[in-house]
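Quick notes on the structure that follows.
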Amino acid sequence: MLNSRIATIATLGLALTCAPVALAADPHHGHTMAAKPSDTPSTKEFRAANELMHKGMDITFSGDADVDFVKGMIPHHQGAVDMAKIVLKYGKDPELKKLANDIIKAQETEIKFMRDWLKKNGKAQP
Numbered sequence: 001m002l003n004s005r006i007a008t009i010a011t012l013g014l015a016l017t018c019a020p021v022a023l024a025a026d027p028h029h030g031h032t033m034a035a036k037p038s039d040t041p042s043t044k045e046f047r048a049a050n051e052l053m054h055k056g057m058d059i060t061f062s063g064d065a066d067v068d069f070v071k072g073m074i075p076h077h078q079g080a081v082d083m084a085k086i087v088l089k090y091g092k093d094p095e096l097k098k099l100a101n102d103i104i105k106a107q108e109t110e111i112k113f114m115r116d117w118l119k120k121n122g123k124a125q126p
């Protein structure tokens, strides 16, 4: 009887310990978060931008580190631009608005560089 209880407790403890590890191993866990009726307009836009970014980053890897990096980073950078535009639209903090403008300028420049790099190297655009 005591051995049965110990085995049950050990099994439960193992299950509780492994569950967070299993969830962490899923790279898409928590990325699909549908808008809720109670979401503010900015939250709805952030959710949509986040979803679009993660879908764009879900590339088919080619085995070419340079190509895979660029094809994954373009949607990542575009996500940053989209989120910065949301904070410009809804945010109130002037420092964050300045940061958002700086992010837009820098990320758009880098997106152009990466698209040009793909074109120059004969790789398909994402």
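Sequence positions in the sequence shown follow the working numbering and run 1 to 126. Using N, Cα and C, we set each Cβ at its ideal position, and we do this for glycine too.
Check                                                                                               : Outcome
Close Cβ partners of Gln107 (< 7 Å) along its chain, the five nearest in sequence each way excluded : His77, Ala80, Val81
Backbone CA spacing between Lys112 and Pro37 [nearest angstrom]                                     : 36 Å
Pro75 burial status per 10 Å Cβ neighbour count (16 or more: buried)                                : buried
Backbone secondary structure at Pro41 - three-state DSSP                                            : helix
Alpha helix (DSSP H) segment containing Thr109, residue limits                                      : 94-120
CA-to-CA distance, Lys123 to Phe61, given in whole angstroms                                        : 13 Å
Lys71 versus Ile59 - alpha carbon distance                                                          : 7 Å
Straight-line Cα distance separating Lys120 from Lys105                                             : 23 Å
Best match in Val67, Gln125, Thr40, Lys85 for proximity to Ala49 [C-alpha to C-alpha]               : Lys85
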